[in-house]
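Colleague:
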Amino acid sequence: MAEIFFSSDIADNVKGKVVVMTGGAQGIGAATISLLYERGAHVYFGDVDDINGHQMVSHLQSSMPHSGGSVHFQKLDVRNYNEQLQLFKTPYEERGRVDMAISCAAIIEPNGWFGPDQLSLEAVMTEPQPLKNTIDINLTSVVLFCRLALAFMKGNADMTNSSDFSKSIVLVSSIAGITEAAGLFAYSAAKHGIIGLMRSLRALAAAKLNIRINVVCPWATDTQMIDNVRSIWDKHRLPLNAPNDVAQFIVQLAADKSLNGKSVLVAGGKGYDTEEGIDRTMSEWFGPLTEDFWRGQKALGTVSTMISFYDVLLRGCLLTSDIRVMNGLIFETCATFNEYNVICISIRGLNSGLV
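Residue numbers (the UniProt record's numbering): 1 to 355.
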């Protein structure tokens with residue numbers, strides 16, 4: 001995995017930017033808002049926790065009165081579309097734009113819904129609403145959030161996109177979105193879905209709207225969500241993030257114009273791009289179907305958009321290469337890629353007619 005680093009200088013790019021965020025009353029979200037506000041961003045956040053949300057605003061305004069930024073809270077249930085819509089409308093009406101959107105709201109899965117006593121014919125006659133809430137809050141609301149974010153960012157695309165900044169969306173998944181997570185059935189499904197959502201948007205949003213999208217995947221983080229396993233974690237001395245560790249990578253992905261289409265695992269305070277390895281080894285795990293995949297993309301009309309994504313990826317990493325789009329699509333690795341080694345597909349044959 002390629003390591004991603006937090007840069008204080010790049011994080012300063014959030015100064016004066018308008019940020020919409022779900023979650024934020026506590027934990028990773030609160031740490032992210034603090035970091036954004038400290039660096040002069042105008043943050044509009046929503047959370048179902050009304051009390052802690054207002055306390056967060058008061059605390060920031062009193063502790064950092066000269067940050068140059070602002071912070072605004074709206075009580076928000078992310079399952080309510082109109083409330084999410086209002087979260088975007090408010091800054092758009094007040095400041096004329098939205099520059100960054102961060103989806104951080106989430107809940108942990110309630111226990112027992114796949115246990116033997118809950119899998120009787122009698123038990124499954126009733127819809128398991130708490131289980132459904134896990135999907136609705138952790139995935140369905142995020143899909144709707146992305147659609148709103150793209151629309152409001154697209155509405156003023158020329159106002160803040162510049163040579164040193166591009167608009168962006170950051171979604172919070174989990175290590176449970178990358179690996180197996182025994183016992184977290186709906187939660188893991190939702191967090192995998194967030195990565196799938198990012199993958200489906202990363203080429204399209206960048207090529208058509210000049211909007212980047214990335215995902216942060218925290219491993220265990222010192223918040224209320226790990227209270228049930230904290231003693232186990234401490235006993236075995238496993239890597240543990242502080243909320244600010246994850247917040248730094250959220251801000252890095254939001255502010256760094258070179259980063260798009262990343263899934264950054266944050267473990268023990270360090271960040272690793274997990275997409276890099278998947279992309280780089282595609283021809284190995286997909287085998288001879290790799291070329292068929294790209295022919296299928298051509299048939300669906302998506303090849304040119306995906307070419308644009310990988311070209312931007314390479315340019316953003318400041319790599320030099322021999323990449324040619326002639327009568328076919330070829331991504332070739334060479335010795336200069338040792339640092340990052342990102343080339344993911346090799347399609348042989350200049351006359352394959354993929355483009």
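Glycine included, every Cβ here is placed at the ideal spot set by N, Cα and C.
Whole angstroms is fine: what's the gap from residue 119's alpha carbon to residue 113's?
Modeller: For the purposes of this step, residue 119 is identified with residue 119 of the sequence shown, where counting begins at 1. For the purposes of this step, residue 113 is identified with residue 113 of the sequence shown, where counting begins at 1. Each residue's Cα considered, the two are about 8 Å apart.
Colleague: List the whole-angstrom C-beta distance separating residue 210 from residue 253, where the pair is believed to meet the contact cut-off of C-beta under 8 Å.
Modeller: The count along the sequence shown starts at 1 and reaches residue 210 at position 210. The count along the sequence shown starts at 1 and reaches residue 253 at position 253. Rounded, the Cβ-Cβ distance is 16 Å, inconsistent with contact.
Colleague: Starting from the Cα of residue 198, find the closest Cα among 145, 231, 5, 28 and give me that residue.
Modeller: Walking along the sequence shown from the start, residue 198 turns up at place 198. When each option's Cα is compared against that of residue 198, the closest is 145.
Colleague: Suppose you measure from the CA of residue 255 to the CA of residue 143; what does that come to, to the nearest Å?
Modeller: Here residue 255 is taken as the residue at index 255 of the sequence shown, counted from 1. Here residue 143 is taken as the residue at index 143 of the sequence shown, counted from 1. Their backbone Cα atoms lie some 22 Å apart in a straight line.
Colleague: Helix, strand or coil for residue 132, going by three-state DSSP, please let me know.
Modeller: Counting from one through the sequence shown, the residue named residue 132 turns up at place 132. The answer is helix: DSSP assigns residue 132 an H, G or I state.
Colleague: Which of helix, strand or coil does DSSP assign to residue 39?
Modeller: Taking the first residue of the sequence shown as 1, we reach residue 39 at position 39. The answer is coil: DSSP assigns residue 39 none of H, G, I, E or B.
Colleague: Name the one or two DSSP bridge partners that residue 214 has.
Modeller: By one-based count along the sequence shown, residue 214 stands at place 214. BP columns for residue 214 point to 170.
Colleague: Take residue 277 and list the residues in its own chain whose beta-carbon comes closer than 7 Å to its own, dropping the five residues that flank it on each side.
Modeller: Counted from its first residue, the sequence shown places residue 277 at position 277. Correct list, in chain order: 1.
Colleague: Within the continuous alpha helix (DSSP H) that includes residue 188, where are the two ends?
Modeller: Within the sequence shown, numbered from 1, the residue matching residue 188 stands at position 188. Note, residue 188: alpha helix (DSSP H), 185-209.
Colleague: Residue 239 and residue 268: beta carbons closer than 7 Å?
Modeller: Position 239 of the sequence shown holds residue 239. Position 268 of the sequence shown holds residue 268. Closer than 7 Å, so yes.
Colleague: For residue 31, which residues from the same chain have a beta carbon less than 6 Å from its beta carbon, with the 5 sequence-adjacent residues on both sides left out?
Modeller: To locate residue 31, count along the sequence shown from 1; it is residue 31. Result list for residue 31: 243, 244, 247, in chain order.
Colleague: Cα separation between residue 54 and residue 292?
Modeller: The sequence position of residue 54 within the sequence shown is 54, counting from 1. The sequence position of residue 292 within the sequence shown is 292, counting from 1. So the alpha carbons of these two residues sit roughly 54 Å apart.
Colleague: Among 135, 25, 33, 26, which one has its Cα closest to the Cα of residue 190?
Modeller: Residue numbering aside, residue 190 sits at position 190 when the sequence shown is read from its first letter. Answer by Cα proximity: 135.
Colleague: Taking 7 Å as the threshold (C-beta atoms), are residue 37 and residue 72 in contact?
Modeller: Within the sequence shown, numbered from 1, the residue matching residue 72 stands at position 72. Within the sequence shown, numbered from 1, the residue matching residue 37 stands at position 37. No, these two residues do not count as a Cβ contact at 7 Å.
Colleague: Could you name the residues that DSSP lists as bridge partners for residue 265?
Modeller: By 1-based counting over the sequence shown, the position of residue 265 is 265. In DSSP, residue 265 forms a bridge with 217, 272.
Colleague: Which of helix, strand or coil does DSSP assign to residue 89?
Modeller: Reading the sequence shown from its first residue, position 89 is the one you call residue 89. Helix, per DSSP.
Colleague: Helix, strand or coil: which one does DSSP assign to residue 337?
Modeller: What you label residue 337 is simply residue 337 of the sequence shown in a count that begins at 1. For residue 337, the pLDDT reaches just 33, beneath the cut-off of 50, and the residue's location in the model is therefore unreliable, leaving the point undetermined.
Colleague: Please report how far the alpha carbon of residue 85 lies from the alpha carbon of residue 26, in whole angstroms.
Modeller: Stepping through the sequence shown from its first residue, residue 85 is reached at position 85. Stepping through the sequence shown from its first residue, residue 26 is reached at position 26. Using only the alpha carbons, I get a separation of about 22 Å.
Colleague: Note down the Cα distance separating residue 22 from residue 263, rounded to an integer number of angstroms.
Modeller: The residue you call residue 22 lines up with position 22 of the sequence shown. The residue you call residue 263 lines up with position 263 of the sequence shown. If you take the alpha carbons of residue 22 and residue 263, they lie about 19 Å apart.
Colleague: Determine the contact status of residue 181 and residue 173, defining contact as a CB-CB distance below 7 Å.
Modeller: The residue given as residue 181 occupies position 181 in the sequence shown. The residue given as residue 173 occupies position 173 in the sequence shown. The answer is no: Cβ separation not under 7 Å.
Colleague: Between the Cα of residue 169 and the Cα atoms of 69, 151, 178, 177, which residue gives the shortest distance?
Modeller: Taking the first residue of the sequence shown as 1, we reach residue 169 at position 169. Answer by Cα proximity: 151.
Colleague: When the Cα of residue 194 is compared with those of 178, 14, 231, which residue comes out closest?
Modeller: For the purposes of this step, residue 194 is identified with residue 194 of the sequence shown, where counting begins at 1. When only C-alpha atoms are compared, the closest one is 178.
Colleague: Identify the continuous beta strand (DSSP E) that holds residue 246 and give its terminal residues.
Modeller: Residue mapping note: residue 246 aligns to position 246 of the sequence shown, counting from 1. Not the beta strand (DSSP E): residue 246 falls in the alpha helix (DSSP H), residues 243-255.
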